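Reviewing the structure listed below.
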Amino acid sequence: MISTKGRYALRVMLDLAEHGNEGYIPLKDIAKRQAISDKYLESILKSLVKQKMLKGLRGKGGGYQLTRTPAEYSVGEILEVAEGTLAPVACLMDDAEDCPRANQCRTLPMWKKFDSLVHDFFYNITLEQILEDSKFLPEE
């Protein structure tokens, strides 16, 4: 399940993509538009800056902006920065130790297929696609 942090990180990145031509966007502006507390938003922004998905500028005229074009960000990479792994089970996490039951595990192929479906789904959607494609618009 995608947590609130993951959903908010995606909303923040979309907000910055949408307002990218405005230069650095102040945290307070993003927080207000997205109805996210300043403190919680700051923690999300820090993790995105740390992974070089955003750059931040302090002081007057400061704020945050994308480091790439919206077409160069996949939803999958944003969610993984916020969530860590998207793996559905511990044994498929990148840092997982070898499972002694892997050779006889009847459910492992199912989990691998599900993991692949989730990965392929999220990594094949970009911020640009969400902003430009009407199928991603909220229903009225």
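Start counting at 1 in the sequence shown, then tack on 1491, and there's your number in the working numbering.
Glycine is no exception: its CB is placed at the ideal position from the N, C-alpha and C atoms.
Predicted, not measured: the structure shown is a model, and the values here were computed from it.
In the structure shown, residue 1543 falls within a coil segment according to DSSP collapsed to helix, strand and coil.
Taking all protein chains in view, the Cβ of residue 1558 is surrounded by fewer than 16 other Cβ atoms within 10 Å, so the residue is classified as exposed. The three-state secondary structure of residue 1575, taken from DSSP, is coil. Taking a contact to require three or more Cβ pairs closer than 8 angstroms, the stretch 1592-1600 and the stretch 1536-1549 do not qualify as touching.
In its chain, beyond the 5 residues on either side, 1527, 1535 have a beta carbon closer than 6 angstroms to the beta carbon of residue 1499. Linking residue 1574 to residue 1501 through their CA atoms gives a straight-line distance of about 11 angstroms. With fewer than 16 neighbouring CB atoms inside 10 Å of its own CB, residue 1601 falls in the exposed class. Residues of the same chain with a CB within less than 6 angstroms of the CB of residue 1569, apart from the 5 flanking positions on each side, are 1500, 1501, 1504 in chain order.
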